[in-house]
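Note sheet for the following structure.
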Amino acid sequence: MALVERTGISLSGNPNRVLCRLFIPGEEELIRGTSRARQLVERVMALTDDQVDTALADTLRRFSTRHPDLEHHLETHYAAVAGLVDHTLEVSRDRQRLIGALLTQEYAFESTAYFNPSVVPHPDQTGVPHGYLRYIMSIRCVGEGHMSTLVFRTGMIGPDGSVIVDPASVFATTRATRYSVLRNRLVLQSAIDAGIDTADLEFILGMLPDKFTPEELTSSLTQLTVTTGTLPHHERIHHHLQDLARSSYEVDFAEDTTLTERVLWPTAGDERRGLEDARFVRFEEPDGSSSYRATYTGFNGTGVVSRMLETDDFRAFSSMPLTGKAVQNKGVAFFPRKIDGRYCALSRWDRESNSIAYSDDGYHWNEGETFHVATDPWEIIHVGNCGSPIETSEGWLVLTHGAGPMREYSIGAMLLDLDDPSVPIAALPGPLISPTEDERDGYVPNVVYSCGSLVHNSTLIVPYGIADCRTSFATIGLDELLGAMEDSRARRELV
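So the number in our numbering is just where the residue sits in the sequence shown, counting from 1, plus 8.
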């Protein structure tokens, strides 16, 4: 459509950006077998000091410029197998680091794909020229073995809607402090879903803050048991919450890392094969404060789960699973504020239609209502959203995606009622962005897809993935887009 102006920007993954990952011979990710770590350690222990010194010096010379924190990784990876070393032997620091180097591999985390972006205003607008907006863009990366991670880019949007992308750091790191954390409301709802008697649990949670550690929970459980005597369901509560703790975590990157160096790597078991398609939004609280939230898909190799991230500064992140029927599939996207006192989200719980879901706490989403089913040929296989709704004076602007003949994915647009977003009030008569001939080929052909856009100075900025391979931007005049929509209230009769 003439509405759309493609910027010509093309962002691809850089195979030179690599991470240090633990490598245990015999326990490769996709071909599991018997560990050969013990034999490897024994062979290194048999080397002479000169051999160790020469091999380590050569390794540090060749790889230190690629990883500023290389020695930390070597020491950490040695610690993973330190128990295999004969405790009667003294192991020099250099020998430890050589063992660590032999248990380390480089991983090109964005070598295969660099796509499905979402964009939000940067929390720090210090020094930005008048009329410009600094942004943060999340991007899904794919590396060897189809492992998905999450990275970030920054840049500026000009007064005229022009897009500038800052260079990314040549370095990348997953090094961060990681720890389990639980939230009061999430714990209680999870126990209810599991059919656990919550009377004692409510008493325990009443002694704890809104956010607490598994250790604090264990202490409270112990106090309750001492006070009331051991009850059969206490053990069930404990086991359930231990499982929940393993799926909820926080990640704090060092302050001296830059945003483009930080890589969010799978941590919980239900995302061990990837973090997919993050949809970020700046969420405005009723008191005027704001934070950043994102939904994403955790993939464990066989199934998916909807999860969420929370952050104030894109350095410290909280991650936890979402619960409830309305979030049992991919493609959840939060609204940027509460509506009528409740949290609201777009959902595709049935795998083919767009729905509205509601929540009292932002974590549990049982209630939902379908508002958009596929009717037009370009979207008739299934529809979904392309990120969080954008509030305009005319209604909630929702970018959608649809799959049609030859499984071609296109991006559409519709407008929802501001007070009742389950009511569609207008939509484009056809797709907004479809693959051009030079956008067809890639990792997954015939796909354009976005996970979140923003409006600046009445221009809609749409970052979008191309063929699940690379990322570009399109710009659209907001007034022109809204003017091109047709009244769609009658389509509600089809739902």
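In this text, a Cβ means the ideal position worked out from N, Cα and C, and glycines have one as well.
Nearest residue (CA-CA) to residue i, options the options
{"i": "V470", "options": "H409, P437, W357", "result": "H409"}
{"i": "G277", "options": "G395, V313, E269, I212", "result": "V313"}
{"i": "V173", "options": "R350, G166, T162, R14", "result": "T162"}
{"i": "L252", "options": "R290, W386, A334, Y187", "result": "Y187"}
{"i": "D321", "options": "E263, V340, S361, R350", "result": "E263"}
{"i": "V60", "options": "I200, L110, H95", "result": "L110"}
{"i": "I347", "options": "I364, H95, L423", "result": "I364"}
{"i": "G339", "options": "H390, L489, M493, F291", "result": "H390"}
{"i": "Y143", "options": "E223, D425, S126", "result": "S126"}
{"i": "V178", "options": "E98, I204, P76, G485", "result": "P76"}
{"i": "N465", "options": "L55, F123, D94, T483", "result": "T483"}
{"i": "V259", "options": "T319, G282, E269, V99", "result": "T319"}
{"i": "D295", "options": "R345, R46, A353", "result": "R345"}
{"i": "G214", "options": "T134, N192, R69", "result": "N192"}
{"i": "A45", "options": "G34, A54, L55, M53", "result": "G34"}
{"i": "T265", "options": "N374, I212, T181", "result": "T181"}
{"i": "P397", "options": "L190, F291, L97", "result": "F291"}
{"i": "E243", "options": "E269, L267, A199, F220", "result": "A199"}
{"i": "G473", "options": "Y122, D57, G91, E36", "result": "Y122"}
{"i": "S327", "options": "R350, Q336, D449, Y300", "result": "Y300"}
{"i": "R448", "options": "D218, D428, A475", "result": "A475"}
{"i": "A286", "options": "A302, V271, R280", "result": "A302"}
{"i": "P175", "options": "T268, T275, P167, T383", "result": "T268"}
C-beta atoms of residue i and residue j nearer than 7 Å
{"i": "I17", "j": "S480", "result": "yes"}
{"i": "P329", "j": "S442", "result": "no"}
{"i": "A184", "j": "F288", "result": "no"}
{"i": "Q197", "j": "H380", "result": "no"}
{"i": "G395", "j": "R356", "result": "no"}
{"i": "E494", "j": "P437", "result": "yes"}
{"i": "L209", "j": "I245", "result": "yes"}
{"i": "S20", "j": "R478", "result": "yes"}
{"i": "C459", "j": "N124", "result": "yes"}
{"i": "F117", "j": "T84", "result": "no"}
{"i": "I107", "j": "V52", "result": "yes"}
Simplified DSSP state of residue i, which is helix, strand or coil
{"i": "L158", "result": "strand"}
{"i": "E501", "result": "In this prediction, E501 has a pLDDT of 42, which is less than 50 and means its spatial position is unreliable; what the coordinates show is noted afterwards. In this structure, E501 counts as helix in the three-state DSSP scheme."}
{"i": "G139", "result": "coil"}
{"i": "H390", "result": "strand"}
{"i": "H80", "result": "helix"}
{"i": "P167", "result": "coil"}
{"i": "M9", "result": "Caution is warranted here: a pLDDT of 49 is assigned to M9, below 50, making its placement in the model unreliable, and no coordinate value can be reported."}
{"i": "I364", "result": "strand"}
{"i": "H247", "result": "helix"}
{"i": "T479", "result": "strand"}
{"i": "N192", "result": "helix"}
{"i": "K333", "result": "helix"}
{"i": "S100", "result": "coil"}
{"i": "G275", "result": "In the sequence as displayed, the identity of residue 275 is Thr instead of Gly. Correct three-state label for T275: coil."}
{"i": "R254", "result": "helix"}
{"i": "H372", "result": "strand"}
{"i": "G491", "result": "helix"}
{"i": "H75", "result": "coil"}
{"i": "D260", "result": "strand"}
{"i": "N22", "result": "coil"}
{"i": "T378", "result": "strand"}
{"i": "V89", "result": "coil"}
{"i": "A341", "result": "strand"}
{"i": "E224", "result": "helix"}
{"i": "R70", "result": "helix"}
{"i": "I172", "result": "strand"}
{"i": "T62", "result": "helix"}
{"i": "D285", "result": "strand"}
{"i": "S355", "result": "strand"}
{"i": "I17", "result": "coil"}
{"i": "P129", "result": "strand"}
{"i": "V312", "result": "strand"}
{"i": "T268", "result": "helix"}
{"i": "D208", "result": "helix"}
{"i": "T467", "result": "strand"}
Residue i Cβ short of 6 Å to the ligand ADP heavy atom set
{"i": "R183", "result": "In the structure on display, the ligand ADP does not appear, and there are no ligands present to speak of."}
Whole-Å CB distance - residue i paired with residue j, under 8 Å assumed
{"i": "L405", "j": "G420", "result": "Going by Cβ atoms, the distance from L405 to G420 rounds to 11 Å, so no, they are not a contact pair."}
{"i": "T305", "j": "E284", "result": "4 Å"}
{"i": "L249", "j": "L225", "result": "6 Å"}
{"i": "S361", "j": "T378", "result": "5 Å"}
{"i": "L486", "j": "L468", "result": "5 Å"}
{"i": "I212", "j": "L194", "result": "Rounded, the Cβ-Cβ distance is 14 Å, inconsistent with contact."}
{"i": "L11", "j": "E488", "result": "6 Å"}
{"i": "R415", "j": "N454", "result": "6 Å"}
* Asked: Taking only runs of the beta strand (DSSP E) that begin and end inside the segment 392–457, which ones reach a length of at least 3 residues, in chain order?
  -> 404–411, 417–424, 432–435
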